Ligand SMILES: C[S@@+](CC[C@H](N)C(=O)[O-])C[C@H]1O[C@@H](n2cnc3c(N)ncnc32)[C@H](O)[C@@H]1O
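Residue numbers (the working numbering): 16 to 238.
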């Protein structure tokens, strides 16, 4: 079964990885996209999407949605905007939303940078979660890392005053890269933090730990 059209036609710079979608993911997409999905070709105002939530957090790159669903279950008063370019991941998160009967998650199938830049007003988010961003190990690929100076500019604008970004990575050089970028930027304060209890272990993280990778959590607040 193929998944329905769930965003605007993709003419963007990223390449969709793993176009194979399982039947369960495709079924969940067909059944639940209309209820939980948001097409990015309109203005996205978090406070309007979650009028009853005390705060709204955007998670960038939700993967299979394991952490997203677990955290949304723990914090029912918080609205979660889940951004993922990978359609099987969208289907997987929709299935978890149904399994856990969550009402506080909405999904967007688009590059988070484009959604933030083109569809969302400034100072609209309480926080961002960025868990295990693609590390792009080779030097020639470092420019593809999402944490770049222009990304800091973008999130600075989109976060509310005192808003924050929580990042986790299992690649120490990427943790150091992230720490350097944020430390160089006077608009943010923070650094390495202990792993918060609410962040569950995902399959991706578990695989990294199995390979001997050290996981680093970092938090930076907009000052
Ligand atoms: C290494 S995976 C980690 C997934 C998940 N956070 C976890 O911990 O299991 C990184 C994910 O980020 C997604 N991604 C990368 N760049 C993105 C972007 N600009 N906007 C939205 N998703 C993105 C990828 O498709 C991929 O699913």
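Don't be surprised by glycine CBs; every beta carbon is placed ideally from N, CA and C.
From a predicted model like this one, the values you see are computed outputs, not experimental measurements.
- With respect to the alpha helix (DSSP H) encompassing residue 43, which residues constitute its N-terminal and C-terminal limits? 38 to 51
- Task: Measure the C-alpha to C-alpha separation of residue 230 and residue 132 and round it to an integer number of angstroms.
- Result: 30 Å
- Query: Out of 75, 208, 46, which has the shortest C-alpha to C-alpha gap to residue 123?
  - Reply: 75
- Message: Pull the bridge partners of residue 232 from the DSSP assignment, please.
- Response: 183, 208
- With respect to 7 Å, is the separation between the Cβ of residue 79 and the closest non-hydrogen atom of ligand 1 below this value? yes
- Task: Since I believe residue 186 is in contact with residue 215 (beta carbons under 8 Å), could you give me their beta-carbon distance rounded to a whole number of angstroms?
- Result: With 8 Å as the limit, residue 215 and residue 186 do not qualify as a contact, their Cβ atoms being about 19 Å apart.
- Quick one: give me the first and last residue of the beta strand (DSSP E) that residue 70 is part of. 70 to 75
- Task: Report yes if the C-beta of residue 70 is less than 7 Å from at least one heavy atom of ligand 1; otherwise report no.
- Result: no
- Task: Could you tell me whether the region 87 to 97 touches the region 173 to 183, using the rule of 3 or more Cβ pairs below 8 Å?
- Result: no
- Task: Would you give the residue range spanned by the alpha helix (DSSP H) that residue 130 belongs to?
- Result: 127 to 134
- Message: Between which two residues does the alpha helix (DSSP H) holding residue 165 run?
- Response: 164 to 173
- With burial defined as no fewer than 16 other Cβ atoms inside 10 Å of the residue's Cβ, what is the status of residue 198: buried or exposed? exposed
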